[in-house]
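In structure tokens form, the structure reads like this:
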């Protein structure tokens, strides 16, 4: 009788182990993904200032950043600490403005068209690697691994206390790091709110934040009014921004899948459209310049982004004019 | 003895010696199990042969027949047929083991087969591999001399290719086809710098990485952005 009871206990333990095991694994994935969503929120809504380093291919630069949220608006400043003195100031961004990448990172599925939705978890796997200490703060390290070959992976360290991203490493298809961004010193929270935003530097750019890219609450991705469209895109990329052609004859379309971003520039000006086809790399960023003819007019097409070069080439070759729209 | 009886006797003695065939054994058991207590029947033969062999070997002989009592006791014992619950848990446990092994196998393969960076590479960043198409061994394009690196200090890379850190901080350009028309390399570079700056400022607004994309633009004319 004892033997019978023991076997039944063993059986029960085995079944329990199997049923608990399953949810635990998916729990790990879920909490890694929750960390990413928390990071997206924190980077918009927190006030912080600090010094970070940016490294690629053995080159290291350091940059000072200030990001202040005051009365629902954001003020940001970047000061380059190496090389010529330059700074960039951006103000007026409404913190309630949700852009495509914000929504994707927070887990919404964005509707591209009637049949297709873009949802971040469909294209990346998220794993919590462990804990570390960066810039004097405790962080969780998350591995972000792409599910297909059209995008890169990341290793991201997220502050445990506030959710701010303190380190981000871009990993290519072979598993090698391509660029690294890491905070060296950071202060987060209310003590940053008193920073005054006056610029004393000579070379300073003050750019306004374009609010036209904010999405309405209906989770519909932006629809392009452009005359051009890519006939092929890697799955999961949605249009996040569109700038129509100005006096310089340059249109730009920006796509994101929540993490990776690339831009498409279409030039009709005579100076640009005669440039040869080139591929260029600047660290992790790749630029593919090609040209095409339509209606006896030549256009230069350039795809720029932190995506694999083969993906950028494919996209550049797939840019085509929309036949129904009249060309100007 | 009649022929069948003689054959039966031979079968019984063969069974006692452990040398009977299966057919014989079955026949004997059938005969012995029959209810009749015939003096010449298989059952009494069985008993007498056993007594005879016991006497011959000097083993103690008992005249007590326990067979009826034993048969009764066996009848009283409940049959060990597995209940349906036991059958279910038996097969469920086999299924559970198989399922958990399969799940572990799938998850393990998933973790290892996708590209996964080793932790030390990402955290230490001791050396970045320069892929072949990034090396400066392209064709006729030379880097213009006015783009000088902003690096004052050499970065530490463990045993890496130190020549990399002294290259100018410029885009590495490769023409994809033989250049037949005239073009100015300066124009290409100027255009690309402008493009990269515009992309970075869009990305800084439209991605989750805050102001990081601006850090990528290190050779820009920072003040001319007007978007």
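Residue numbers (my numbering), protein chains in the order written: chain A, 375 to 702; chain B, 324 to 550. No residue lacks a Cβ here, since even glycine has one placed at the ideal position from N, Cα and C. Treat the numbers as computed from the prediction; the structure is a model and nothing was measured.
Contact set for residue i: own chain, Cβ-Cβ below 6 Å, skip 5 residues either direction
{"i": "residue 535/B", "result": "none"}
{"i": "residue 633/A", "result": "none"}
{"i": "residue 574/A", "result": "Here residue 574/A scores only 49 on pLDDT, less than 50, and its place in the model should not be relied on; the value that follows carries that caveat. Here the set comprises nothing."}
{"i": "residue 381/B", "result": "none"}
{"i": "residue 650/A", "result": "none"}
Listed by chain order, chain B residues near residue i by CB distance under 7 Å
{"i": "residue 417/A", "result": "531 and 533"}
{"i": "residue 385/A", "result": "412 and 416"}
{"i": "residue 450/A", "result": "534"}
{"i": "residue 375/A", "result": "Result: empty, since nearest Cβ-Cβ is about 14 Å, beyond 7 Å."}
{"i": "residue 630/A", "result": "529 and 530"}
{"i": "residue 678/A", "result": "518, 519 and 522"}
7 Å Cβ cut-off: residues of chain A touching residue i
{"i": "residue 515/B", "result": "654 and 661"}
{"i": "residue 526/B", "result": "635"}
Strand pairing of residue i, partner residues [DSSP]
{"i": "residue 460/A", "result": "454/A"}
{"i": "residue 438/A", "result": "425/A and 453/A"}
{"i": "residue 432/B", "result": "Residue 432/B is not bridged to any residue."}
{"i": "residue 536/B", "result": "DSSP output for residue 536/B lists no bridge partner at all."}
{"i": "residue 501/A", "result": "517/A"}
{"i": "residue 531/A", "result": "515/A and 541/A"}
{"i": "residue 628/A", "result": "615/A and 637/A"}
{"i": "residue 551/A", "result": "545/A"}
{"i": "residue 559/A", "result": "425/A"}
{"i": "residue 508/A", "result": "511/A"}
{"i": "residue 430/A", "result": "433/A and 553/A"}
{"i": "residue 675/A", "result": "640/A and 664/A"}
{"i": "residue 342/B", "result": "Answer is none; residue 342/B lacks a bridge partner."}
{"i": "residue 603/A", "result": "694/A"}
Neighbourhood of residue i by C-beta, 8 Å cutoff - its chain only, sequence neighbours within 5 removed
{"i": "residue 455/A", "result": "425, 435, 436, 437 and 438"}
{"i": "residue 460/B", "result": "Here residue 460/B scores only 39 on pLDDT, less than 50, and its place in the model is too uncertain to base an answer on."}
{"i": "residue 628/A", "result": "613, 614, 615, 616, 635, 636, 637 and 638"}
{"i": "residue 533/B", "result": "527"}
{"i": "residue 412/A", "result": "532 and 537"}
{"i": "residue 626/A", "result": "615, 616, 617, 637, 638, 639 and 640"}
Cβ distance (whole Å) where residue i is taken to contact residue j below 8 Å
{"i": "residue 540/A", "j": "residue 556/A", "result": "7 Å"}
{"i": "residue 528/A", "j": "residue 515/A", "result": "With a Cβ gap of about 11 Å, residue 528/A and residue 515/A do not count as contacting."}
{"i": "residue 689/A", "j": "residue 607/A", "result": "7 Å"}
{"i": "residue 547/A", "j": "residue 697/A", "result": "Actually they do not touch by this definition, with Cβ atoms about 35 Å apart."}
{"i": "residue 427/A", "j": "residue 558/A", "result": "6 Å"}
{"i": "residue 443/A", "j": "residue 421/A", "result": "5 Å"}
{"i": "residue 498/A", "j": "residue 523/A", "result": "Their Cβ separation, rounded to whole angstroms, is 13 Å, which puts residue 498/A and residue 523/A out of contact at 8 Å."}
{"i": "residue 419/B", "j": "residue 389/A", "result": "5 Å"}
{"i": "residue 431/A", "j": "residue 450/A", "result": "No, residue 431/A and residue 450/A are not in contact; Cβ-Cβ is about 27 Å, not under 8 Å."}
{"i": "residue 537/B", "j": "residue 530/A", "result": "Wrong, their Cβ atoms sit about 19 Å apart, outside the cutoff."}
{"i": "residue 523/B", "j": "residue 540/B", "result": "5 Å"}
{"i": "residue 630/A", "j": "residue 529/B", "result": "6 Å"}
{"i": "residue 429/A", "j": "residue 554/A", "result": "5 Å"}
{"i": "residue 675/A", "j": "residue 693/A", "result": "5 Å"}
{"i": "residue 378/B", "j": "residue 384/B", "result": "6 Å"}
{"i": "residue 337/B", "j": "residue 328/B", "result": "15 Å between Cβ atoms; not a contact."}
Own chain, CB closer than 7 Å to residue i, minus 5 neighbours either side, in chain order
{"i": "residue 533/A", "result": "511, 513 and 540"}
{"i": "residue 680/A", "result": "526, 544, 634, 635, 658 and 659"}
{"i": "residue 506/A", "result": "513, 515 and 531"}
{"i": "residue 536/A", "result": "416, 420 and 562"}
{"i": "residue 439/B", "result": "At residue 439/B, the pLDDT of 48 sits below 50, so the modelled position is not reliable; the number obtained from the coordinates is stated separately. Nothing meets the Cβ criterion."}
{"i": "residue 422/B", "result": "none"}
{"i": "residue 369/B", "result": "335 and 355"}
{"i": "residue 663/A", "result": "649, 651, 652, 674 and 676"}
Within chain B, partners of residue i - CB distance below 9 Å
{"i": "residue 388/A", "result": "416, 419, 420 and 423"}
{"i": "residue 532/A", "result": "Residues of chain B passing the Cβ test: none, with the nearest at roughly 11 Å."}
{"i": "residue 414/A", "result": "531"}
{"i": "residue 681/A", "result": "The contacting residues do not exist; residue 681/A stays about 11 Å from chain B at best."}
Interface residues of chain A facing residue i [CB-CB closer than 8 Å]
{"i": "residue 510/B", "result": "645 and 649"}
Proximal chain B residues relative to residue i, where beta-carbon distance stays under 8 Å
{"i": "residue 657/A", "result": "539"}
9 Å Cβ cutoff, residue i in contact with chain E
{"i": "residue 433/B", "result": "This model lacks chain E altogether; the protein chains it does include are A and B."}
Residues, ordered as in the chain, of the stretch 428 to 451 of chain A that lie near chain B by beta-carbon distance below 8 Å: The residues in question are 428, 429, 430, 431, 432, 433, 434, 435, 437, 439, 441 and 450.
Positions along the stretch 634 to 647 of chain A whose CB lies within less than 9 Å of some CB in chain B: Residues 634, 635, 636, 637, 639, 641, 645 and 646.
Residues in the stretch 541 to 559 of chain A having any Cβ partner in chain B nearer than 9 Å: Those would be 541, 542, 543, 545, 546, 547, 548, 549, 550, 551, 552, 553, 554, 555 and 556, in chain order.
Positions along the stretch 599 to 632 of chain A whose CB lies within less than 8 Å of some CB in chain B: Within the stretch 599 to 632 of chain A, 614, 615, 617, 626, 628, 630 and 632 place their CB atoms closer than 8 Å to a CB of chain B, listed in sequence order.
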